[in-house]
Every structure is written in structure tokens, then in C-alpha cells.
Amino acid sequence: MEQLAQRPARWLKVLDQSRCIGCHACTTACKSENEVPVGVTRTYVKSADVGTFPQARRAFQVTRCNQCTDAPCVTACPTEAMYKRPDGIVDFDKEICIGCKACMAACPYDAIFINPEDHSAEKCNMCAHRIDAGLEPACVTVCPTQAILVGDGNDPTSKVAQLVQRKPALVRRPEKETGPGVFYLGAHQATLDPLGATRPEGGLYAWATQGAPDPQLVTSGHPEGARSSAAALLSYDIPHHAPWGWRVSLYTWTKSIAAGALLLAVLMALTGLLDWSDGVTRWVAPVMALVFLGITGVLLIWDLKHPFRFYLIFTKHHWTSWLVKGAFVIGAYGAVVVLYLAAAVFDARAAQQIFGVLGILLGLATACYTAYLFAQAKARDLWQNPLLPAHLAVQAVLAGAAALLPFAVWLSPAAGVRSLEVVLAVAAVAHLLLVWTENSLPHVTAHARLATHEMVSGRYATVFRVGVVAVAIAVAAPWIGVLAVPFALIGLLAHEHAYVQAGQSVPLA
Numbered sequence: 014m015e016q017l018a019q020r021p022a023r024w025l026k027v028l029d030q031s032r033c034i035g036c037h038a039c040t041t042a043c044k045s046e047n048e049v050p051v052g053v054t055r056t057y058v059k060s061a062d063v064g065t066f067p068q069a070r071r072a073f074q075v076t077r078c079n080q081c082t083d084a085p086c087v088t089a090c091p092t093e094a095m096y097k098r099p100d101g102i103v104d105f106d107k108e109i110c111i112g113c114k115a116c117m118a119a120c121p122y123d124a125i126f127i128n129p130e131d132h133s134a135e136k137c138n139m140c141a142h143r144i145d146a147g148l149e150p151a152c153v154t155v156c157p158t159q160a161i162l163v164g165d166g167n168d169p170t171s172k173v174a175q176l177v178q179r180k181p182a183l184v185r186r187p188e189k190e191t192g193p194g195v196f197y198l199g200a201h202q203a204t205l206d207p208l209g210a211t212r213p214e215g216g217l218y219a220w221a222t223q224g225a226p227d228p229q230l231v232t233s234g235h236p237e238g239a240r241s242s243a244a245a246l247l248s249y250d251i252p253h254h255a256p257w258g259w260r261v262s263l264y265t266w267t268k269s270i271a272a273g274a275l276l277l278a279v280l281m282a283l284t285g286l287l288d289w290s291d292g293v294t295r296w297v298a299p300v301m302a303l304v305f306l307g308i309t310g311v312l313l314i315w316d317l318k319h320p321f322r323f324y325l326i327f328t329k330h331h332w333t334s335w336l337v338k339g340a341f342v343i344g345a346y347g348a349v350v351v352l353y354l355a356a357a358v359f360d361a362r363a364a365q366q367i368f369g370v371l372g373i374l375l376g377l378a379t380a381c382y383t384a385y386l387f388a389q390a391k392a393r394d395l396w397q398n399p400l401l402p403a404h405l406a407v408q409a410v411l412a413g414a415a416a417l418l419p420f421a422v423w424l425s426p427a428a429g430v431r432s433l434e435v436v437l438a439v440a441a442v443a444h445l446l447l448v449w450t451e452n453s454l455p456h457v458t459a460h461a462r463l464a465t466h467e468m469v470s471g472r473y474a475t476v477f478r479v480g481v482v483a484v485a486i487a488v489a490a491p492w493i494g495v496l497a498v499p500f501a502l503i504g505l506l507a508h509e510h511a512y513v514q515a516g517q518s519v520p521l522a
């Protein structure tokens, strides 16, 4: 008992959905207490109509941050703006948030949003300021049916601890292994599972504006019909914006060119397909790598909601975040490219070769780290792909070959041009084989299957098919020469956009 008394508090929340009447008092109290602007919410009540007449009812679910024990948002945040307190509450510091939206991509519960007024990420933090003052969260105080309870899970005498231990308390998305600190009593699977109810056709919801055609809006419900044992129709929900838009899609493309240009040129020089003094190897590849690295950096900073705070990635870095690791990899790669170019300018062949080999290693790291960044988005099942690092490496070779080929026609001997054409064709074939493998194998989860459906046959199908056809044309590079270049680059860009956006198209809440 003495050991129990010494254990720190672990604040938990129990939501008794058998008591919830869907009055939305918790939503309005949260907005008032925390000055949450119109258009975003820290907590809201989702509802689904379950069953068929005359055996029908409306099931409610209070939806909010799950205060995870192993919080993906904390791991992914590059500056520790999202952090976990000793008492288990996952809180946030708006002053050091750079608005990268990595936390939003990582959260399996779609509980985080960007405040439109201060452009920083925020979410439910259990009204930590009230708890610190010995008060209950605002939502608890206003709930008319006592459906919301907060207490110390480490105190065996607390009502919350007793309910969690003695009642069949459920958590949302247990397969994500985040250790949620929010438990549900009496919740229907149609509300707990973001795909458990049918999404109404045409967007006919209780909330009249729900049917907005914005492709970046993601709403709960299964687009192909209910997958639960009982008929369920989503009746009230709040849409969420996919966190990463076209700038992230474009960044993956520019980064492939930046990494692939030097990587491929050095590999060809090491194997004798190009000479170290060749114009492509000596000038074009490093200059192209630096130019596209610069564009990549601009896109990454442009996508931040606080672009002038980007320096915090380097001064207040959180090493668990692959956004931080990637920034340092890109920085190291850029420095090596500069040294390689300097060695080429002064005709220091040995130094050029040394920095070239380092450039291969860092170029591969630059191309592939995005796979680990995407994998940190535990919510996005399409991106949990063990083939993705290899695929990104192939894409870098494809992009590098396509970008260098026009300059090789002008500066390199015929044998070098021919080699680049063959490399382009082989990389295009490898890319298409990987695309086919990733999309034809059975998917382990419904979320991955639906994201693939959206990419191949759904809202991103046109872009995806353009990517496949264009890269397929680039396979003919040994016969059509430099004409294959625009097809390879456009096809790769189209594929990247379809892949990035489809991965965010499946509802999480």
C-alpha cells in the first residue's frame, strides 16, 4: 500500500456512452474554457443511427485526444511542442510549435488540429490548467448526466480506476498500441470504429454543411457500406483536413531529383560509365543536387504554419522525430555536395571521389528517410510499408537519370548517354514493379485497403494512372532517348501526389 501511495498520478478519463444524450454541452464548454475558435474543436460528439425500424436507436461517442501512454504525436513532434507530463496528460506548448503537422499525421485518433488564429497545433489536454488548480475539466462539470469522469488511475479508491478495472471498458483503435488513457463504457462499435458505420451518399448529414466537396476533407464512415453486424448510418460527424497537401507531395519529388542526381553520377563514374571529368559528373550533378535541395528546403519551410520558427528544428530538436533526423541528413548531404563541387572546381580528383562516395551514402539517406517519416504517422496504414525505403531509392535513381539525361546528350560521349538511357529504363521498370507489388498484394488492414482503393480506383485514380502510364512510356528511353525525360518526371510526380494524398484519405475518428 505504501508503494501505491508513492506512485505518481495517472489521469484517466472514462466516457460512459450509455449515459450520453448527445447534448454537445461538453463541446461548447470546452470551446468557452479554452477559447477554441469556430471551425475547430478539441472535443465533439459523433453519432450514428444503429439498427432498422422499429429496432433503431442513435448511438453517441464523445471524441477527443486519447492521452496515450505511448503518444505518437510526442514521438513525431520535432521540437517537443507536444509533450507528456509526469501525470500522463499529453500537453502542448504553442510557443515552440512550428506548425509542421507531423503530430496530426501521427495521431491515430484525428484529435489534433491547427488553430486558425495562432497557427499552432492544439488538442484536448484535459483542461490541465484546471486540474493543476484542483478543479475538474470543463466538460466534466457541465455534463448533465455525469457521462464524463476524470480521475487518477493509480489511485485504487478513485471511481475512474474502479470503473476501468471492473467494467468492460473499451479503448479506440487498440491495434495501434498507444495505451490510451480514455476509456469508453457502453459504446457501440459503429461509433468507436471510424469505418463501422455507412457514410451517407451525397453527404446528407444532420449538419447541413457536411457534404463539402473539398478532397482534403476526411469524414468518418465506410464509403462502400457498413461493415458492422448491425446496420449503422453515420448521422453526425465533423470533417478533418488531411494534414499534408501538395507541397509535401512536391517535396518528395524534388528531394528524389536532388538525391538521385549526384548519387547516380558518382555511381556511373565509379563504374566507368562516365568519366570523373565529364561535364555531367563534374558540374551538372552537384549543381542540380544543390538547386533541388534548395527547392526542397523552400517547400518544407513553406508548408510550416510557423515558417519563421523553422530554426527550432536545429536549436530545440527532438531526436525521436524523423523530421529532425531528416533535416540533419539533408543538411549533411548539402554540405557534402558543396565540398564535392569545390573539389571538382579545383580539380582535386581524390577529394572529389571521397566526397562522391559520401554523397552516395547521404544521397541514399536523403532519398529514403521519408519512408521512416511516413512510418511515424502510425495512423496512416498505407504508409506502413516495408518496401517504401527501397521504392524511394529506386525513385531517386529514376529521377536522377531523367534529370541528367538532357545534359548528358549535350556534354557526355555517346556511351555515357546510352548508359543513362538504360538506367532510366531499368529504374522505370523497377518502379512499376514495386507499384504493382504494393497494390496487388492483399492488405493487412481495412485502412490500407481503402487507401489503396482511393489511390487506384477512387478520388486519386486519375493522377495515379497518369503516373503509371507516363513512367511506362519512359521505359522506352533506349529507343526514344531524351523524349522519355518529361514522361519519367511527370509520372513520378503524379505517383508521389496520389500516394501521399491517398494515405491521408481514410477516416481516423
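First residue of the sequence shown: 14, per our numbering; consecutive thereafter.
Note that CB positions come from ideal geometry on N, CA and C, so glycine has one too.
Bear in mind the structure is a predicted one, so any value in this text is a computation, not a measurement.
Practice item. Evaluate the contact criterion for the segment 137-149 versus the segment 338-347: three or more CB pairs, one atom per stretch, below 8 Å. Key: Segments in contact, no.
Check your understanding: Does the distance from the CB of Cys33 to the CB of Ala160 come in under 8 Å?
Key -> Yes. Within cutoff.
Practice item. Taking all protein chains shown into account, decide if Glu135 is buried (16 or more other Cβ within 10 angstroms of its Cβ) or exposed. Key: Its Cβ being crowded by 16 or more others within 10 Å, Glu135 is buried.
Check your understanding: Considering only the beta carbon of each residue, do Ala507 and Val469 sit closer than 8 Å?
Key -> No. Outside cutoff.
Check your understanding: Using DSSP with H/G/I as helix, E/B as strand and the rest coil, what is Met468?
Key -> Residue state, collapsed to three classes: helix.
Check your understanding: Leaving out the 5 sequence neighbours to the left and right, which residues in its chain are closer than 6 Å to Asp165 when beta-carbon positions are compared?
Key -> Spatial neighbours of Asp165 in its own chain (CB-CB distance under 6 Å, excluding positions within 5 residues in sequence) are listed in chain order as Ala22 and Ser171.
**Study point:** Minimum length 4: unbroken alpha helix (DSSP H) runs contained in the segment 77-158
**Key:** You should have 85-89, 115-119, 141-145 and 151-155.
Check your understanding: For Thr383, which of helix, strand or coil comes out of DSSP?
Key -> It is helical.
Practice item. Take every Cβ of the segment 145-162, pair it with every Cβ of the segment 409-418, and state whether three or more of those distances are shorter than 8 Å. Key: Three or more beta-carbon pairs separated by less than 8 Å are not found between the segment 145-162 and the segment 409-418, which leaves the two stretches without contact.
Practice item. Could you check which residue in Thr41, Ala244 and Ala340 has the C-alpha nearest to that of Pro67? Key: When each option's Cα is compared against that of Pro67, the closest is Ala244.
Exercise for review: Just confirm the distance between the C-beta atoms of His444 and Asp394, as a whole number of angstroms; I'd bet it's less than 8 Å.
Suggested key: The beta-carbon separation of His444 and Asp394, rounded to 22 Å, does not stay under the 8 Å limit for a contact.
Point to revise | Stretch-stretch touch, CB-based, cutoff 8 Å, three pairs: the segment 96-104 with the segment 368-384 | key: By the Cβ criterion, the segment 96-104 is not in contact with the segment 368-384, since fewer than three pairs of Cβ atoms, one from each stretch, lie closer than 8 Å.
Practice item. Output yes or no for whether 8 Å exceeds the beta carbon distance between Leu275 and Ala298. Key: Cβ atoms of Leu275 and Ala298: closer than 8 Å.
**Study point:** Short Cβ contact (8 Å threshold) for Ala151 with Glu46
**Key:** Cβ atoms of Ala151 and Glu46: closer than 8 Å.
Practice item. Can you give me the Cβ contacts of Ala24 inside the same chain, cut-off strictly under 8 Å, excluding the 5 residues immediately before and after it? Key: Going by the sequence as given, residue 24 is Trp instead of Ala. Within the same chain, Trp24 has close Cβ partners Gln80, Asp100, Gly101, Ile102, Met139, Ile144, Val163, Gly164, Asp165, Gly166 and Gly194.
Check your understanding: When we look at the beta-carbon of Gly413 and count the other beta-carbons within 10 Å, is it buried (16 or more) or exposed?
Key -> With 16 or more other Cβ atoms within 10 Å, it is buried.
**Study point:** Supposed contact pair Leu198 and Arg185 - C-beta distance, whole angstroms, cut 8 Å
**Key:** Separation of the CB atoms of Arg185 and Leu198 is rounded to 13 Å, and the pair is thereby denied contact status at 8 Å.
Point to revise | The alpha helix (DSSP H) enclosing Phe420, as first and last residue numbers | key: Following the DSSP letters along the chain, one finds Phe420 inside the alpha helix (DSSP H) bounded by residues Leu401 to Leu424.
**Study point:** Gly192 to Ala72 span [Cα, whole Å]
**Key:** For Gly192 and Ala72, the distance between alpha carbons rounds to 24 Å.
Exercise for review: Pull up the CB-CB distance for Thr294 and Ala282, whole angstroms please, since I reckon it's below 8 Å.
Suggested key: About 5 Å; that satisfies the 8 Å criterion.
Exercise for review: Have a look at Pro499 and Ala361 and give me their C-alpha separation to the nearest angstrom.
Suggested key: Cα to Cα, Pro499 sits roughly 34 Å from Ala361.
Point to revise | C-beta atoms of Ala501 and Ala441 nearer than 8 Å | key: Yes, these two residues count as a Cβ contact at 8 Å.
Practice item. Can you say whether Gly516 is buried or exposed, counting buried as having 16 or more other CB atoms within 10 angstroms of its CB? Key: By the neighbour-count rule (16 or more Cβ atoms within 10 Å), Gly516 is buried.
Review point. Quick one: Cα of Cys156 to Cα of Ala38, how far?
Key: Looking at the two C-alpha atoms, the distance is approximately 6 Å.
Exercise for review: Determine which residues share a DSSP beta bridge with Phe368 and list them.
Suggested key: Phe368 pairs with nothing; no bridge assigned.
Review point. Under three-state DSSP, which class holds Thr65?
Key: Secondary structure of Thr65 (DSSP, three-state): strand.
**Study point:** Neighbourhood of Val481 by C-beta distance below 8 Å, restricted to the same chain and skipping five residues each side
**Key:** Sequence-distant partners of Val481 (beyond 5 residues in either direction) whose C-beta falls short of 8 Å from its own C-beta, in its chain, are Leu445, Val448, Gly504 and His508.
Exercise for review: Going by CA-CA distance only, name the one from Asn398, Ala119, Val476 and Ala427 that's closest to Glu190.
Suggested key: Selected option, being the one with the closest Cα: Ala119.
Review point. Beta-carbon of Leu325 versus every beta-carbon of chain C: anything under 8 Å?
Key: Among the protein chains of the structure shown there is no chain C, as only one such chain exists.
**Study point:** Limits of the unbroken beta strand (DSSP E) element including Lys318
**Key:** Per DSSP, Lys318 is not a residue of any beta strand (DSSP E), being assigned neither H nor E.
Review point. When DSSP labels each residue in this structure, what does Ala255 get in the three-state scheme?
Key: In the structure shown, Ala255 sits in coil (DSSP, three-state: anything other than H, G, I, E or B).
Review point. So, helix, strand or coil for Gln514, using DSSP?
Key: In the structure shown, Gln514 sits in a helix (DSSP, three-state: H, G or I).
Check your understanding: For Arg179, does the count of other Cβ atoms within 10 angstroms reach 16, so buried, or fall short, so exposed?
Key -> Label assigned to Arg179: exposed.
Review point. Rounded to a whole number of angstroms, what is the C-alpha to C-alpha distance between Gln223 and Tyr57?
Key: At Gln223 the pLDDT is 47, less than 50, meaning the model places this residue with poor confidence; the figure from the coordinates comes in the next sentence. Their Cα atoms are separated by approximately 15 Å.
Point to revise | Sequence-distant residues of the same chain with beta carbon closer than 6 Å to Lys318, five excluded per side | key: Cβ within range, chain order: Gly112, Ile127 and His132.
**Study point:** Sub-8 Å separation of Val530 and Ala203 beta-carbons
**Key:** A question about residue 530 goes unanswered here, because the residues of the chain that appear run from 14 up to 522.
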